[in-house]
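>
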Ligand code: CP
Ligand code: NVA
């Protein structure tokens, strides 16, 4: 029986280390063509209250590759945009769909969807987490190095949704994680605590304001925008605060010589990362993009019981 059949993915902490490992193995097998799971007649719904290119298209492509169908539930074309209660929307969608991916603001909203449905609910980004992104990122690390275990991931920038899921994902895969943020922009301490529990001592989480020491000897450098969706009015004020955390050629020379560079995208070139590093030989950003689709195809196949 499939390990993840019927399960939600609201946070990466919903997975055990074995489940995460299995998911990444399934994704690699799908990518290589070794397996080709199918979910004919299954329907994925997408409720996206924030913009998305990669997540929307990679989920759609993944579901089509599984032989399933997708319904894009644009909030402005449905009663969702007119404020129908989440509990009602959830119970309605539960009667029509087989799986639902949601991008919204509050983590509590995806939890509420899950409370009122018995189909798998997938977090496609909230203010708190972005678990699907990190499945693709760690698949990319695994492809590069063979395994994540014992390696060091350094994230530079805002202690945001991507940082939170990265901390949890690295802990599950036995990868050390260092987060370098300006004072006042650290990740949620409850997430850090959870990661320490999940890793069971197999890896460590370091939070620091010192970008240079955080990058020293790291195997992967990761960054994201300094102001996330919903924080656009804070963007200009943050630029000078975050400037020491930019991934540029100088910082990259402090990492392991074989280090790779990741970015979830969209990127602001010249802010959190330079054009030179983004397009340089250590960047794996475009493989990371492709891996969104393979990782989500694996996730959908797993939760729909096709593998
Ligand atoms: N990385 C990511 O989630 O991109 P989108 O916002 O385009 O989906
Ligand atoms: N932290 C970013 C990620 C976008 C994929 C945001 O929430 O806007």
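Residue numbers (the numbering used here): 184 to 490.
Even glycine gets a Cβ: it sits at the ideal position worked out from N, Cα and C.
How many whole angstroms separate the CB atoms of residue 160 and residue 318, which I take to be in contact at a CB cut-off of 8 Å?
This structure leaves residue 160 out entirely; the chain is present only between 184 and 490.
> Could you tell me whether any non-hydrogen atom of the ligand NVA is closer than 7 Å to the CB of residue 293?
No, the ligand NVA has no heavy atom inside 7 Å of this Cβ.
> Could you check which residue in 385, 365 and 344 has the C-alpha nearest to that of residue 374?
Comparing Cα positions, the closest option is 344.
> Pick from 433, 269 and 480: whose alpha carbon is nearest that of residue 292?
The shortest C-alpha separation from residue 292 is found at 269.
> State the DSSP-derived secondary structure class of residue 424, mapped to helix, strand or coil.
Looking at residue 424 - three-state DSSP - the assignment turns out to be helix.
> What residue from 369, 201 and 250 has the CA that sits closest to residue 219's CA?
Answer by Cα proximity: 250.
> From residue 490 to residue 350, what distance separates their C-alpha atoms?
About 27 Å.
> Shortest alpha-carbon distance to residue 415 belongs to which of 246, 234 and 397?
When only C-alpha atoms are compared, the closest one is 234.
> At 3 residues or longer, what runs of the beta strand (DSSP E) sit wholly inside the stretch 304–333?
Fully enclosed beta strand (DSSP E) runs of 3 or longer: 304–306.
> How would you call residue 365, buried or exposed, if buried means at least 16 neighbouring beta carbons within 10 angstroms?
Classification of residue 365: buried, given that the 10 Å Cβ count is 16 or more.
> Does DSSP put residue 336 in a helix, a strand or coil?
Of the three classes helix, strand and coil, the one that applies to residue 336 here is strand, per DSSP.
> Drop a sphere of 10 angstroms on the beta-carbon of residue 441, count the other beta-carbons inside from all chains shown, and report buried for 16 or more, exposed for fewer.
Classification of residue 441: exposed, given that the 10 Å Cβ count is below 16.
> Residue 450: which of 230, 411, 488 and 322 sits nearest, CA to CA?
Closest option to residue 450, Cα to Cα, is 411.
> Can you tell me the Cα-Cα spacing of residue 216 and residue 353, whole angstroms?
The straight-line gap from Cα to Cα measures roughly 26 Å.
> How many Å lie between residue 274 and residue 230 at the Cα?
If you take the alpha carbons of residue 274 and residue 230, they lie about 14 Å apart.
> Note down, one range per segment and in chain order, each alpha helix (DSSP H) of at least 4 residues found wholly within the stretch 267–291.
Whole alpha helix (DSSP H) segments, 4+ residues: 269–279.
> Less than 7 Å separating the Cβ of residue 308 from some heavy atom of the ligand NVA?
At least one heavy atom of the ligand NVA is nearer than 7 Å to the Cβ of residue 308, so yes.
> Roughly how many angstroms separate the alpha carbons of residue 444 and residue 278, rounded to a whole number?
Each residue's alpha carbon lies about 43 Å from the other.
> Determine whether the beta carbon atoms of residue 486 and residue 188 lie at a separation below 8 Å.
A contact, by the Cβ cut-off of 8 Å.
> Given that a residue counts as buried once 16 or more other Cβ atoms are within 10 Å of its Cβ, and exposed if not, what is residue 474?
The residue in question, residue 474, is buried, as its Cβ has 16 or more Cβ neighbours within 10 Å.
> Along the chain, where does the beta strand (DSSP E) containing residue 393 start, and where does it finish?
Segment: none, residue 393 is in no beta strand (DSSP E) and carries neither H nor E.
> In terms of DSSP beta bridges, what is residue 444 paired with?
DSSP lists 404 and 466 as partners of residue 444.
> Under 8 Å, do residue 310 and residue 288 count as touching if we go by C-beta distance?
Yes, Cβ-Cβ distance for residue 310 and residue 288 is below 8 Å.
> I need the DSSP call for residue 189, collapsed to helix, strand or coil.
Note: residue 189 maps to coil in three-state DSSP.
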